[in-house]
Amino acid sequence: MQFMDDDFLLSCKAARRLYHDYAAPEPILDFHSHLPVHEISGNRSFRNLAEVWLEGDHYKWRAMRANGIAERYCTGDAPPYEKYLAWARTVPFTLRNPLYHWTHLELKRYFGITELLNEASARRIWDEADDLLRSPDFGAQGMLERFQVRVVCTTDDPCDSLAEHESINSSALGFRVYPTFRPDRSLAVDRPESFNRWIARLEAASDIEIRGLQSLLDALKRRHDAFHAAGGRLSDHGLPYCFAQPCTQDEAATIFENARRGQAAAAEEYERFAAFLMLFFGRLDAEKAWTKQLHLGALRSVNTRRLGQLGPDTGFDSIGDWPQASAFCAYLDSLEREQALPRMIVYNVNPAENYVLATAAGNFQDGAAAGKIQFGSAWWFLDQKEAMEWQINALSNTGLLSRFIGMVTDSRSFMSFPRHEYFRRILCNLLGAEMERGELPQDERLVGGMVRNICFENARQFLRLELPEDSETAKLGMVKAANANGLKHDHGL
Ligand SMILES: [Zn+2]
Numbered sequence: 024m025q026f027m028d029d030d031f032l033l034s035c036k037a038a039r040r041l042y043h044d045y046a047a048p049e050p051i052l053d054f055h056s057h058l059p060v061h062e063i064s065g066n067r068s069f070r071n072l073a074e075v076w077l078e079g080d081h082y083k084w085r086a087m088r089a090n091g092i093a094e095r096y097c098t099g100d101a102p103p104y105e106k107y108l109a110w111a112r113t114v115p116f117t118l119r120n121p122l123y124h125w126t127h128l129e130l131k132r133y134f135g136i137t138e139l140l141n142e143a144s145a146r147r148i149w150d151e152a153d154d155l156l157r158s159p160d161f162g163a164q165g166m167l168e169r170f171q172v173r174v175v176c177t178t179d180d181p182c183d184s185l186a187e188h189e190s191i192n193s194s195a196l197g198f199r200v201y202p203t204f205r206p207d208r209s210l211a212v213d214r215p216e217s218f219n220r221w222i223a224r225l226e227a228a229s230d231i232e233i234r235g236l237q238s239l240l241d242a243l244k245r246r247h248d249a250f251h252a253a254g255g256r257l258s259d260h261g262l263p264y265c266f267a268q269p270c271t272q273d274e275a276a277t278i279f280e281n282a283r284r285g286q287a288a289a290a291e292e293y294e295r296f297a298a299f300l301m302l303f304f305g306r307l308d309a310e311k312a313w314t315k316q317l318h319l320g321a322l323r324s325v326n327t328r329r330l331g332q333l334g335p336d337t338g339f340d341s342i343g344d345w346p347q348a349s350a351f352c353a354y355l356d357s358l359e360r361e362q363a364l365p366r367m368i369v370y371n372v373n374p375a376e377n378y379v380l381a382t383a384a385g386n387f388q389d390g391a392a393a394g395k396i397q398f399g400s401a402w403w404f405l406d407q408k409e410a411m412e413w414q415i416n417a418l419s420n421t422g423l424l425s426r427f428i429g430m431v432t433d434s435r436s437f438m439s440f441p442r443h444e445y446f447r448r449i450l451c452n453l454l455g456a457e458m459e460r461g462e463l464p465q466d467e468r469l470v471g472g473m474v475r476n477i478c479f480e481n482a483r484q485f486l487r488l489e490l491p492e493d494s495e496t497a498k499l500g501m502v503k504a505a506n507a508n509g510l511k512h513d514h515g516l
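Numbering follows the working numbering, with no gaps: position 440 of the sequence shown is 463.
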């Protein structure tokens, strides 16, 4: 078998049919990403492979450091080609790391390059990509259209402007870009200096003067309303674990006022304040029928020397091992008791907690929505073949895989859309192998229909985002694309 041919990761006939006939033609609904909205609205073009491929990619920086490459070539001031060359030298050492697959899948899908990247091929590949990057297809918008991306959700602070989302969505582009409400900085009463700078930004964004706790809540709600008006239907929180300690409004007000005066909250006060706000955010999402995302369990910025030099999100984070179960259940239970539990997606980064969180989600399912509490796709260090299979298996064994809303890129790079393909192949391989072993029926419409739903349709129904194909022109485009693939586009399965 050839490396990464058309049947890459598809080890049997049924898997290949599921992937090629059911998964591959589906469009992409990328409901969690970190793509910068101004690069989409401005249709950013990229000058070279270093710019489109290495900027901000802490996965690659970690591998380069582990390969003994100096920081100058990762985050430092080395010229773009030298950074790229340092990466090319590292690639052969990434065998069996998902980076090896992603790198070659990205070269193939974006540039049609099938040569393996290493020091010897680096120059040829750079030049070949360089030529292509000049064409309009390789601008930010062209890349989204080429990968059939119907929706991208960006990740945004409540203070961020939504003007660029609105301008994209009032255009005739074939995709929509919606903001996601991520208010992590509103919890930071333990760091009063940056917290108060952020409050000043929130005052400006909401046009509300923040005197005490109630006006903070009013300002946050006003921004939540603005996100809703811009088409946003998701929120997101990055937390080590859920905060669920009881905290009265008076207690929260005191902690807030102290932070406003420059007094840092102690750890226990921080957690109570965060618990108070997380309940408030849960209610906001429930009122508007949004979906709340929780990213749980990352241990961040542990290398203080590097944090001082390079700042956060530069590749010095790992998997935390806090207990998750009781705090997660207590948070959801508090909302459930008020009948204010929104739809949720919980993303887990610690594989030891897969069954813990998958079963915890099951406690709060109800008839309001199929798969109301989603055990989300394998995240970060788990975004690779083995751990995707673990996530799919944990969900299958304790819940309903059929109701899963599927994969996200969670990426800052326009080169990451083949991650969806990677996930889809792994999903089809698992299911196809079970069909061939007689563990699932040889009923392609049944299993293929589930695949199709997980790839796109479940997310479309669950998240309630407005899609461009709701317009007639885009519908025509879909039919054309489906015919070109020799398939009838039948969502009725
Ligand atoms: Zn993310």
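C-beta atoms are modelled at their ideal positions from N, C-alpha and C, and glycine is treated no differently.
Since we're looking at a predicted model, the values are computed, not measured.
{"Asked": "Could you tell me how far apart the beta carbons of D179 and P202 are, in whole angstroms, since I believe they sit closer than 8 angstroms?", "Found": "4 angstroms"}
{"Asked": "On the DSSP bridge assignment, give the partners of C176 in chain order.", "Found": "Y201"}
{"Asked": "Would you mind working out which of M438, D213, F198 and F250 sits nearest E168, comparing C-alpha positions?", "Found": "F198"}
{"Asked": "Could you name the residues that DSSP lists as bridge partners for T117?", "Found": "In DSSP, T117 forms no bridge with anything."}
{"Asked": "In the DSSP output, which residue or residues are listed as bridge partners for N371?", "Found": "L319"}
{"Asked": "Straight-line CA distance for N371 to R157?", "Found": "39 angstroms"}
{"Asked": "When DSSP labels each residue in this structure, what does S144 get in the three-state scheme?", "Found": "coil"}
{"Asked": "Could you check the C-alpha separation between E444 and F170 for me, to the nearest Å?", "Found": "10 angstroms"}
{"Asked": "Count the CB pairs spanning the region 53-72 and the region 143-162 that are closer than 8 angstroms, and state whether there are at least three.", "Found": "yes"}
{"Asked": "Hey, could you find the ends of the alpha helix (DSSP H) G305 is sitting in?", "Found": "A290 to E310"}
{"Asked": "Take A89 as the anchor and find which of G79, A290, L72 and A109 has the nearest alpha-carbon.", "Found": "A109"}
{"Asked": "Can A287 and D213 be called in contact, C-beta distance under 9 angstroms?", "Found": "yes"}
{"Asked": "Is the number of C-beta pairs between the region 302-320 and the region 257-266 that are closer than 8 angstroms three or more?", "Found": "yes"}
{"Asked": "Counting C-beta neighbours from all protein chains within 10 Å, is the total for H514 16 or more, i.e. buried, or is it exposed?", "Found": "Here H514 scores only 34 on pLDDT, less than 50, and its place in the model should not be relied on; the value that follows carries that caveat. When all chains shown are included, H514 counts as exposed."}
{"Asked": "Any idea which residues DSSP pairs R366 with across the strands?", "Found": "T314"}
{"Asked": "Check I396 in the structure and name its three-state DSSP category.", "Found": "strand"}
{"Asked": "Alpha carbon to alpha carbon, how far is L486 from F440? Give it in angstroms, no decimals.", "Found": "20 angstroms"}
{"Asked": "To the nearest angstrom, how far is it from the Cα of K36 to the Cα of H43?", "Found": "11 angstroms"}
{"Asked": "Are the region 101-120 and the region 135-155 touching, with three or more C-beta to C-beta distances below 8 angstroms?", "Found": "yes"}
{"Asked": "What is the rounded straight-line gap between the Cα of M438 and the Cα of N281?", "Found": "45 angstroms"}
{"Asked": "Measuring alpha carbon to alpha carbon, tell me which residue in M367, E412 and N386 is nearest K395.", "Found": "M367"}
{"Asked": "Measuring straight from C-alpha to C-alpha, what distance separates N326 and E462?", "Found": "47 angstroms"}
{"Asked": "Could you tell me which residues DSSP puts in a beta bridge with S341?", "Found": "L322"}
{"Asked": "Enumerate, from N- to C-terminal direction, the unbroken beta strand (DSSP E) stretches of 3 or more residues contained entirely within the region 211-285.", "Found": "257-262"}
{"Asked": "Under 8 angstroms, with one C-beta from each stretch per pair, do the region 381-401 and the region 419-427 reach the 3-pair mark?", "Found": "yes"}
{"Asked": "Quick check on E361: does DSSP put it in helix, strand or coil?", "Found": "coil"}
{"Asked": "I need the straight-line Cα distance from D273 to F299, nearest angstrom please.", "Found": "11 angstroms"}
{"Asked": "CB V474 to CB A46, shorter than 9 angstroms?", "Found": "yes"}
{"Asked": "List in chain order: all unbroken alpha helix (DSSP H) runs of 4+ residues lying wholly within the region 378-449.", "Found": "408-421"}
{"Asked": "Cβ of T337 within 8 angstroms of any heavy atom in ligand 1?", "Found": "no"}
{"Asked": "Say the cut is 8 angstroms; is the CB of G472 nearer than that to a heavy atom of ligand 1?", "Found": "no"}
{"Asked": "Tell me which residue opens and which closes the alpha helix (DSSP H) that L185 is part of.", "Found": "Unbroken run through L185: none, as it is neither H nor E."}
{"Asked": "Can you tell which of D153, L58, R132 and G338 has the C-alpha that lies nearest to the C-alpha of R70?", "Found": "D153"}
{"Asked": "Note down, in chain order, each residue of its chain lying with its Cβ closer than 6 angstroms to the Cβ of A297, except the 5 sequence neighbours on either side.", "Found": "L210 and F266"}
{"Asked": "Measure the C-alpha to C-alpha separation of P238 and D207 and round it to an integer number of angstroms.", "Found": "Checking the displayed sequence, the identity of residue 238 turns out to be Ser instead of Pro. In a straight line, the C-alpha of S238 is about 18 angstroms away from that of D207."}
{"Asked": "Once the 5 residues before and after Q388 are set aside, which same chain residues still bring their CB inside 7 angstroms of it?", "Found": "K395 and I396"}
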